[in-house]
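A short worksheet on the structure shown next.
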Amino acid sequence: MFHTLPRNKPIAPKFTPHLLLAWRHTALQLYNAAIAAAQTNQNPVLPIGERQLAPYCRNARQLALLAMPGNPVAFVRDCITPAQVRAMLTPHINALLIQSYGILVEDSCGECCRRGLTPFPDCRRVEGQFGNSCGNCKWRDHGIRCVRSDRPCRISRRCNSPPPPVSPDESPTPPPSAAPRVFDGRSGSRCVSSGSAAAPIVID
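Going by full-length UniProt numbering, the first residue of the sequence shown is number 1, and it counts up by one from there.
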């Protein structure tokens with residue numbers, strides 16, 4: 001089920017430069033700990049499902065999500081840098097919130113299909129929030145592209161079907177629907193090219 005945001009308006013924490021430095025230090029500690037704890041073949045996981053992002057959330061939508069239970073957020077190694085953690089730009093905060101509080105998108109969005117699942121290993125959305133952008137697209141601040149890409153993604157997956165089988169003469173074998181048809185001159189009859197020249201297949 002999708003989350004329903006509470007109607008009461010949460011209050012944002014007071015912002016000071018001193019607190020900003022402290023929050024950045026804490027964020028880097030969480031990031032470095034996640035990197036150190038992950039094995040080589042595993043994605044690091046940020047433990048941010050319990051209001052750890054509260055210091056960076058400034059608007060009612062962000063704070064309303066924090067009022068609900070979230071989940072830790074996995075990310076692809078080397079796809080999030082320490083500099084990005086220190087900066088904590090608004091698109092990055094929103095992306096982390098989406099990944100923590102959103103649900104999986106079936107087959108992923110079109111942009112995730114095209115660009116790959118980065119910086120997060122799965123595609124998630126919070127319905128009706130952040131323009132319905134997934135976390136990966138929101139991280140790049142490409143939220144509009146996310147929703148627009150859904151339909152092209154499905155088309156591209158159909159277009160990327162396996163090549164047709166190869167016939168003994170090493171030329172691709174056309175599907176039955178693509179076999180060219182020629183008329184033999186008789187009314188109501190036509191020859192299908194898959195027959196031989198000496199014994200064509202006649203369809204009345």
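Note that beta-carbon positions come from the ideal geometry of N, C-alpha and C, so glycine has one too. Here the structure is a predicted model, which means the values were calculated and not measured.
Determine the extent of the alpha helix (DSSP H) in which residue i is found, giving its start and end residues.
i	result
residue 64	60 to 66
residue 83	82 to 87
residue 50	Residue 50 -> no alpha helix (DSSP H), and no H or E assigned at all.
residue 135	135 to 139
Would you mind sorting residue i into buried or exposed? The rule is 16 or more other CB atoms within 10 Å of its CB.
i	result
residue 125	buried
residue 44	buried
residue 144	exposed
residue 89	exposed
residue 119	buried
residue 42	exposed
residue 111	buried
Assign residue i to one of three DSSP states: helix, strand, or coil.
i	result
residue 96	helix
residue 114	helix
residue 147	helix
residue 24	helix
residue 38	coil
message: Using 8 angstroms as the cut-off, can you tell me whether the stretch 105 to 115 makes contact with the stretch 71 to 83, which would need three or more C-beta pairs spanning the two stretches below that distance?
response: no
- prompt: Counting Cβ pairs closer than 8 angstroms, one from the stretch 80 to 100 and one from the stretch 130 to 145, do we hit at least three?
  reply: yes
query: If we count Cβ pairs, one from each stretch, closer than 8 angstroms, do we get three or more for the stretch 60 to 69 versus the stretch 29 to 41?
result: no
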